[in-house]
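Inspection log for the structure reproduced underneath, given as structure tokens.
Numbering (the numbering used here), first residue to last: 1 to 330.
In structure tokens form, the structure reads like this:
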């Protein structure tokens, strides 16, 4: 992890992988990074998919107003309010988890989200709108503002979609975030301008390539990836549950690994001087990983203590990452 010895802060882009409730881990990481006072890096862009998109949005919204503490407050507040707290909500949460885990031992019929009211999606919309004044974003976004990229997939065409915070024609609104988080087995597809979108987990999880567009001076020096799905497992999956969990993890990492391989190839071409220096630069790629052995069903778990523990764990992992990163600078 070689760091530029110049005094100016490193330009950092942060990519937040999706993963339902597991992205409370991402919120913890972002909180710790935003608390950093040593001014050794500037966050110039964020990207995210699904739950990672929500975390990236909340961090970005605070940065737009130069208020890192606002980002931290928003991350805390969102995950607190998203937790199951009332007695009825806690019962519903346990029922969903139980039903999901029972699929290993018995067949449980799945019900289309179009067969019951869209209360969960409506609640998420209200929660997002409570924390972010989307209608004011157009006045807050400046050419110097951090960028935000949100991943989704076009259901009909299969094409990847990245919603962007462009100055002239920004696409970040509550519909874009809902589209990125629209898990098709639980939430209805989101319609935007005659197009239909599902969860970004089916496309770029999370988007990386948009970080490296433009001229060299506009690009980050480093991309830090907050990875929810583990790269490797030590044990062979044998039970149906273990097989399904590992299949989910591999699918979630597929696009991420492809984009990382592409960026590494570009770095190699830059080092060999095959590419012009005014448009391309060597960009370091780092990962802050979720290393806990959690099953897929727990991505639906909104238990308050579970959420708080994942956030604490995220802060610990970020602290460890920053210690190593700063040590490599000296």
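Beta carbons are placed, not taken as given, at the ideal position from N, Cα and C, and that holds for glycine. Remember, it's a predicted structure, so these values are computed and weren't measured experimentally.
Is it right to say residue 298 is buried, meaning 16 or more other beta carbons lie within 10 angstroms of its own, or is it exposed? buried
In chain order, what residues of the same chain have a beta carbon less than 6 Å from the beta carbon of residue 290, not counting five sequence neighbours either side? 25 and 228
Using beta-carbon positions only, say whether residue 255 and residue 194 come within less than 7 Å of one another. no
Going by DSSP, what residue range makes up the beta strand (DSSP E) through residue 7? Looking at the DSSP string, residue 7 is not in any beta strand (DSSP E), and its letter there is neither H nor E.
Quick one: measure Cβ to Cβ for residue 177 and residue 15, integer angstroms, because I've assumed they're closer than 8 Å. The Cβ separation is near 16 Å, so there is no contact.
Endpoints, the beta strand (DSSP E) within which residue 383 is located: With the chain covering 1 to 330 only, the question about residue 383 has no answer from this structure.
Is it right to say residue 311 is buried, meaning 16 or more other beta carbons lie within 10 angstroms of its own, or is it exposed? buried
Where do the N-terminal and C-terminal ends of the alpha helix (DSSP H) with residue 138 fall, by residue? That run of the alpha helix (DSSP H) goes 137–140.
Residues near residue 304 by beta carbon distance below 7 Å, same chain, minus five either side: 83, 84 and 85
How far does the beta strand (DSSP E) with residue 289 in it reach, from first residue to last? Per DSSP, residue 289 belongs to the beta strand (DSSP E) from 284–289.
Using the C-alpha atoms, what's the distance from residue 135 back to residue 196? 22 Å
Looking only at C-alpha atoms, which of 101, 302, 189 and 170 sits nearest to residue 92? The shortest C-alpha separation from residue 92 is found at 302.
Is the stretch 45–63 touching the stretch 177–190 in the sense that three or more CB pairs, one from each, lie closer than 8 Å? yes
Rounded straight-line distance, which links the Cα of residue 295 to that of residue 27: Taking the straight line from one Cα to the other gives about 19 Å.
If you compare alpha carbons, which of 284, 247 and 252 is closest to residue 263? 284
Which one or two residues does DSSP pair with residue 49 in a beta bridge? Looking at the DSSP assignment, residue 49 forms a beta bridge with 151.
Can you tell me whether residue 138 is buried or exposed? The criterion is at least 16 other CB atoms within 10 Å of its CB, across all chains shown. exposed
Are the beta-carbon atoms belonging to residue 201 and residue 259 less than 7 Å from one another? Between residue 201 and residue 259, the C-beta spacing is not below 7 Å.
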